[in-house]
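Written below as structure tokens is the structure these notes are about.
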Amino acid sequence: MNIIVCIKQVPEVTDADLEITSDGTDIDKEDLEMVINEWDNYAVEEAVRIKEAQGGKVTVVTLGDEDSEDVLRRALAMGADAAVLIDEEGFEGSDAAGIARGLLRVVEEMEFDLVLTGAQSSDDNWAQVGLLMAEWLGLPFASLAVKVEPKGETVVVHRELEANTLEEVELPLPAAVTIQTGINEPRYVSIMGIRKVRNIQIEEVSAGDLGLEASQIGKQGSSIEKIRLSLPEEGEGAEILTGTMEEICEKAAQVIKERGGVA
Amino acid sequence: MNDILVVAEHRKGELRDITFEMLALAKRLAREQGGAVTTVLLGEEILALQEELSSLTDKILVVEDPLLGNYNADPYLVVLKELISRDTPYITLLGHTAMGMDLAPPLSARTGIPLVTDCIDVMIEESHLSVQRQVYGGKVNAHLQLKPAEQYILTIRPGSFTYQEEWDSSATVTKLPAPSWDALRGRRFIGYLEPEAEDVDISEADILVSIGRGIGKPENIAVAEAFAEAIGATLSCSRPVADKGWLPKSRQVGTSGKTVRPKVYIALGISGAFQHQAGMKNSGTIIAVNKDPKAPIFKVAHYGIVADLFQVLPVLTEKFKKQ
Amino acid sequence: MAHRPMFLMIGQAWIFYALAAIAVILFFGGLVLYLVTWKRVDRKGRPVFSWAAVRRTFEDAVLGKRTFKGDVTAGVMHLFIFWGFFALFMGTGVLSVHHYIVEFLRGRAYLVFSAAMELAGIVLVIGLLWAAVRRYLQRIPRLEHRAEDGLVLLWLIVVVVSGFMVEAVRLSAQDPAWRGWSFAGNVLAKLIPTSTASSLYPYLWWGHAVVSLGLIAAIPFTKLFHMLGAPASIYLQATRSPSGLIENEKASLFQLEDIVFFDACMRCGRCVEVCPSSGAGEPFAPRDFVQAVRKSLWRQNSPLGDIRFFMANGSQQVDEKLWYCTTCRACLEVCPVYGAAFEEVIKKRVEVIEEGTKVPPLLNQTLERLYRYNNPWESSKKRRAEWARGLDVNDITKEKDNIEFCYFVGCTTSLDTRAQEIAKSLVSILQAAHVRFGILGKKEPCCGDIARRVGELGLFMEQVDNCISLFEKYRIEEVVTSSPHCFHTFRNDYPEVLFRTRHYALVLDELIASGRVKPTKSLDLVVTYHDPCYLGRHNGVFEEPRRVIKSIPGIELREMVHNGPDSLCSGGGGGRMWKEDIDAETKMSEIRIREAHGTGASIVVTACPLCLIMLEDARKVQGLEDELKVMDLNELVLMSL
């Protein structure tokens, strides 16, 4: 089973105080740690598990700057066999389609049975790249997978729907699947583990190598003219409700009704 | 060219709420442009759904076929591509749901129409379309101005729009034949899997009433339960309560329980230790009730009540029983 | 002339020699297997010579000093068995020398010999019967009832009793004049008529020979191996350098001392008795862990697999029980062969961490956080020095004035709301005493304790480098920590460093003794003190915190049942804070808080941020808020200033 996993490096924002850059197009990432996108981490784990069970090769691909090598190394330490880094130069300002076009060029040159991506990334939350690639590659696909079971010539996928329901579908191979969080328990990657894979060569390619033109990627190739980011309003700690018990509860009930959509 | 196309979403014979929400948006957008709202209904034996939609849209396009009976991206894509090229709506709306997320990007790739996902608001300006969405896990708002185009596809975040009214006319229905199915890629729908009848998944709830050690005894949980029921909330808890076995572990919120993001999180008698905060601090609105004014929960809550929860609950529950 | 006839009425003595040869071959063959397996486990391990180690081995193996610890009865009983057996064994040797080399056991020599053997045999029988009573009648909890336990005991009893029987029958048959010197046998002999004696004798003789030779042969294959293994383990553990780091990636994880300890373990169960995890009804027991690792090492390295046949059904699975151990060291405190089960647990964790798929999810996240943000609590470094806001504390990284020491606050104390009081109180005390100190502020890294205890050695080494370079950069030579864990790690797990580390209790003790800190306000309180494992047991700091407490006027200090080296772990160490899903009957911390409550004290004082958090939680869960407070030593002292 040869599997390609497309992964992305994103800033970790869970406990951080975010600031918008002066031009309003992005957040200030200087003090933020860069980590592997959570969904992609699940995808890598899933790919490695399938490989461990059935044999084959796992290749991870990312598009980013040289720091992105970290997520590739991590994936290699988890058990991936090869890694490709697409240099982000030329891709700045891309929308999801631009990124997908870049990854596509690398993926379509490889032999594979499965292409996995995370269902979305924690920075842009587009949830598009994996499926755009699937469509352009002409592959059968399924998104939001919480279970992936290769069965010879096909793969059975359980998709996560709302209200705790799952949808079971079957795809002929080769296929593309986007992975939802919680599909597995990603293994721990120890420092020693990363050291052990430090000698694996990471293949590097550029937009030029891939034969992509400016009109397809970057700002030119994007469907978005302008982005303006802003932070939501925030207060310092709770607004303590005062008054009689009756008044306090009246106010609280109001809040619950409004914000909770209770009639 | 001013028309809005809404792809209706239904499952197991019922229209899902997102359909109505999209129709509300579609109506506004269409009326602004002087255009019409067309709803696409794909499925098998969907007459009842068609009738339900009839008072909510200007036109309905129905395509019935066994292959469309349950959602399957393969045939749905073929039909939608045809319909979109036939009608060329300005904006095609899908839900940012398990179905819409699965369908929209491939549709965009197949038709070449630009796509923006997970929109919480849409604004038609003179020369272009703008949308509002959130990035970085909801921590940052993003206003996007799109490049001019003939058509757009948008997926709409559930819960962003509320449907209020019905329209006074009834829709014109056009039944179209199913296309030839030769461009399919072999995806096969097998079935739905229901979860085992185990305990509730608190991360699905819109409102959580969460109890902490302040509840005192298991016997007192009933008071909190009554309140939860009155407001249609699910009961959850902090660690000490789960540890003692007063509620199942599946109800525990926190680093070693579940991380939840309900619209409203009501913390009763929870001190708000760090581990608990980590599991709920990104909730929409947090209301905390605690005797101790210095309880850490008040740092992360939006509203606070410094009082004995047993004095608050009866009065608060009454407010909801009036309906 | 008194003597003992050899091979009396025994024809075909060659059969005896043949059997003896077989027994000896099996015995030595078994030993060779041990040596081969040990070598394969640790190719580079070699014993080194040390007089101190020899002395300790003599004290503990020969005099049995260690077996008396915590269970005097067991010590006496074991001494009886050991000396009885040893004497009889030597007696057989002496007899062989007499028979094959020089016949000196005649006359007086023989009589003394005879009496000595008699005494030895009786002592041995008493010991064995005592052992049986303890295991099967008294049902002492730590003693198991496996087939091997019963069989070995029975076998020994049969050997000794059959020996007496042979003697009795011989005395009856021969009726020598000196039979009185074999007093026990003599009593038995009086019960046996001479006629039957002669016919019985060969049977009994052969019977005794077979079971005795069988016993020798069985030694390597049963828990009797501890006769050889225990002294070896005691010696090797005494020559062992303190828990060093495995710096070389290729060095074997388990070393000679470890595998010898595993083989020396005779399942006495003292470790289980004191283990707080077992005590709380959790699925972990040090004995089971040790045996499981022993089995897996044998299966991997021995040419014939695991030769301890009675453990054939034992599991070599370690799995998620591995994460229950708090590394509190209670096991090492009592193990008769100085085995540190908790260190072995950590070594096994190193393996599991590297493999990656069996790491508990919360721990997984915690280690990632530790790596990126230098603390296990949150994904950000920004709140590290928040606790110090408004307290006018000198930040060494900004301006290093002339300071007496660097106060290394630690991750938990910096970030947990309750634990922050430790730092705030200490700062108040130090400022009131005009002690010049500084903190590292936002730049303070993690000491690496968590990484070390859960086996993430790569991460630990990175954190060591971090800390050392920071200390070197700011030329810090004196470090005072809030947490006993940081204290322990800096002192014991860091390579040679230029800074001295002390826990704040030591500093408080000194400051009070020198009069710089004056607890003058009388507090009319009864308190009890909970020894944190990493301050007390691991580092021997018992007296200083108690002196500090007693220096406060009006305080009555009552000790809990388990205090000092016997202190009961509160459950916060060894990475356990970050283990979800603890499957226990009663939580460790609740057992401890109940014990504290039982002293009648109104405050339980501790000196560790993790203990503080664990005990506070337990206090709430047990509903003791109105009756018992949990305080850190600093908070108590501050109340009296």
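Protein chains in written order, with our numbering: chain E, 1 to 263; chain X, 1001 to 1323; chain P, 2001 to 2641.
Yeah, the Cβ is synthetic: ideal placement off N, Cα and C, and Gly gets one too.
Only those residues of the stretch 1210-1235 of chain X whose C-beta falls short of 7 Å from the nearest C-beta of chain P are listed: 1213. By the CB criterion at 8 Å, residue 2578/P and residue 2366/P fall inside the cutoff.
Bridge pairing for residue 1171/X: absent [DSSP]. The way I'd put it, the stretch 1216-1228 of chain X doesn't touch the stretch 1270-1285 of chain X; fewer than three beta-carbon pairs between them come closer than 8 Å. Identification of chain E residues near residue 2359/P by a Cβ-Cβ cut-off of 8 Å yields 187, 188, ordered along the chain. By the Cβ neighbour-count rule, residue 2434/P is exposed, with fewer than 16 other Cβ atoms within 10 Å of its own. In the DSSP assignment, residue 2061/P forms no beta bridge with any residue. Against chain X, the beta carbon of residue 259/E has neighbours under 8 Å at 1263, 1264, 1284, 1285, listed in chain order. At a C-beta separation below 7 Å, residue 2620/P has these neighbours in chain X: 1213, 1240. With respect to residue 2413/P, residue 1296/X sits apart: the two C-beta atoms are not nearer than 8 Å. Residue range 2525-2529 is occupied by the beta strand (DSSP E) that includes residue 2529/P. Rounded to the nearest angstrom, the gap between the Cα atoms of residue 1241/X and residue 1212/X is 6 Å. In summary, no residue of the stretch 2512-2532 of chain P has a CB separated from any CB of chain X by less than 8 Å. The beta carbons of residue 1109/X and residue 136/E sit closer together than 8 Å.
Assignment of residue 1145/X by DSSP, reduced to helix, strand and coil, places it in the strand class. Counting only runs that start and end inside the stretch 1264-1313 of chain X, the beta strand (DSSP E) elements of at least 3 residues fall at 1264-1268, 1285-1289, 1303-1305. Among the bridge pairs identified by DSSP, residue 2438/P is matched with 2406/P.
For residue 2351/P, no Cβ of chain E is located within less than 8 Å of the residue's own Cβ. Scanning its chain for C-beta atoms nearer than 7 Å, with the 5 sequence neighbours on each side dropped, one finds around residue 1029/X the residues 1004, 1091, 1122, 1124, in chain order. At least one CB atom of chain P sits nearer than 8 Å to the CB of residue 33/E.
Contact between residue 2527/P and residue 2601/P holds, with the beta-carbon distance rounding to 5 Å and staying under 8 Å.
Residue 141/E sits in a strand when the DSSP states are folded into three classes. In the structure shown, residue 153/E falls within a coil segment according to DSSP collapsed to helix, strand and coil.
The beta carbon of residue 22/E does not come within 8 Å of any beta carbon belonging to chain X, so the residue lies off that interface. DSSP places residue 1123/X in the uninterrupted beta strand (DSSP E) bounded by 1115-1124. With respect to the 8 Å criterion, residue 180/E and residue 144/E are classified as neighbours on the basis of their beta carbons. In this model, residue 64/E and residue 2485/P are separated by some 40 Å (Cα to Cα). The beta carbons of residue 2499/P and residue 2471/P sit closer together than 8 Å. Three or more Cβ pairs closer than 8 Å define a contact, and the stretch 2370-2377 of chain P meets that threshold against the stretch 2432-2447 of chain P.
Between residue 2153/P and residue 2120/P, the C-beta gap is not smaller than 8 Å, which leaves the two residues out of contact. With a threshold of 8 Å between beta carbons, residue 2417/P makes contact with chain X. By the Cβ criterion, the stretch 1048-1065 of chain X is in contact with the stretch 1013-1023 of chain X, since at least three pairs of Cβ atoms, one from each stretch, lie closer than 8 Å.
The Cβ-Cβ distance between residue 42/E and residue 184/E falls below 8 Å. Annotation: the continuous beta strand (DSSP E) that includes residue 2629/P extends over 2629-2632. The alpha-carbon separation between residue 1177/X and residue 1128/X amounts to approximately 34 Å. Within chain E, no C-beta atom comes nearer than 8 Å to that of residue 2066/P; the closest sits roughly 36 Å away.
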